[in-house]
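Protein sequences, first through last, are from chains A and B.
For the first sequence, my numbering assigns the number 1 to the initial residue and increments by one for each residue that follows.
For the second sequence, my numbering assigns the number 1001 to the initial residue and increments by one for each residue that follows.
We put the CB at the ideal spot given by N, CA and C, even for glycine.
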Amino acid sequence: MIPMNIAQPVRLREYETIYLMRPDVTKESAGKVAARIEEVVKKLEGRLTLVETWGRRQLSYTVGRWKRAVYVYFKYIGGAGLVAELERNLRMMDDVIKFQTILLNPQVDVEVVQVDPAAVQFEELNLPDDVEDDKALERALGFIEPQKHARTESYADDDIANISDDDIPDLNNAKDGVL
Amino acid sequence: MREDKGDRMDRDMDREAAGAFRRARRRGCPFCGDEVMTIDYKDPQALRYFVTERGKIVPRRISGVCAKHQRELTNAIKRARNIALMPFTSNE
């Protein structure tokens, strides 16, 4: 029988997780998710080894009602229970719509692993506003004529007589510092 | 009416040519020979070659992938599908 009082060393494994956030996630909410992940990993004595933000990507199928999502990928080393705790936290967060964890290495010697401190920082999310474009596919396939030419023509047809004198700034009466 | 001998020979030659063509298409596993080609579920562009337009996994009797790599490939495609990098099915 194995004596129970001998403490077994915790076997460390290497995992990678990808989580998807809503496309309209704010910088602050994304920061909160990242902070929670760092906190959980630290609390359960794990170690982040790589963090990548892939940005907003087109999904291959709709998830909930989303057609796009912000992808974040990270690699970490941890013992038993870390993945469960991380996934429990990810599940609780409303901004996270999907996640997946993969076991990379079933046994890792933490002493040997070299980690670049710059590579384990979650990037601040700076994405342009997500504009839902339902006609994108039709436009890509050429079913919809580009609006470009029509616009230039209508611009050329603008009646100059409609512009009133009030629309033109009076340079003589300009306030200090303008001229 | 009896067939002309020349016609029959032409037809036999066609059949042989078709067989030779089929045999010539048989190639080795693309992953076994090439060290650079790796199977990674995070690279859906590389995996796209091994699924049909509809999104189904191409059988290895068609793609010529060896059994070991087909297993890895199947896993990778399923993982990519799960995280929405690849479609489960597509009607386009």
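Taking 7 Å as the cut-off, the beta carbon of Tyr71/A is found closer than this to the beta carbon of Leu20/A. Annotation for Val63/A: Leu20, Ala69, Ile97 and Lys98 place their beta carbon closer than 8 Å to its own, counting only its chain and skipping 5 residues before and after.
Burial state of Arg11/A is exposed, judged by a 10 Å Cβ sphere holding fewer than 16 other Cβ atoms.
Using a Cβ-Cβ cut-off of 7 Å, Ile1083/B counts as an interface residue toward chain A, since at least one Cβ of chain A sits closer than that to its own. Looking at the DSSP output, Trp66/A shares a beta bridge with Val63/A. Counting the other CB atoms within 10 Å of its CB gives Leu50/A a total below 16, which places it among the exposed residues. Residues of the same chain with a CB within less than 6 Å of the CB of Leu1085/B, apart from the 5 flanking positions on each side, are Pro1044 in chain order. Listed as beta-bridge partners of Tyr15/A by DSSP are Tyr76/A and Leu103/A. Chain B has a Cβ within less than 7 Å of the Cβ of Leu59/A.
Neighbourhood of Phe1088/B in chain A, by CB distance below 7 Å: Tyr61, in chain order. Note: Leu50/A is bridge-paired with Lys75/A in the DSSP secondary-structure output. For Ile18/A, a Cβ of chain B is located within less than 7 Å of the residue's own Cβ.
In summary, Phe1088/B is exposed, with fewer than 16 beta-carbon neighbours lying within 10 Å of its beta-carbon over all protein chains present.
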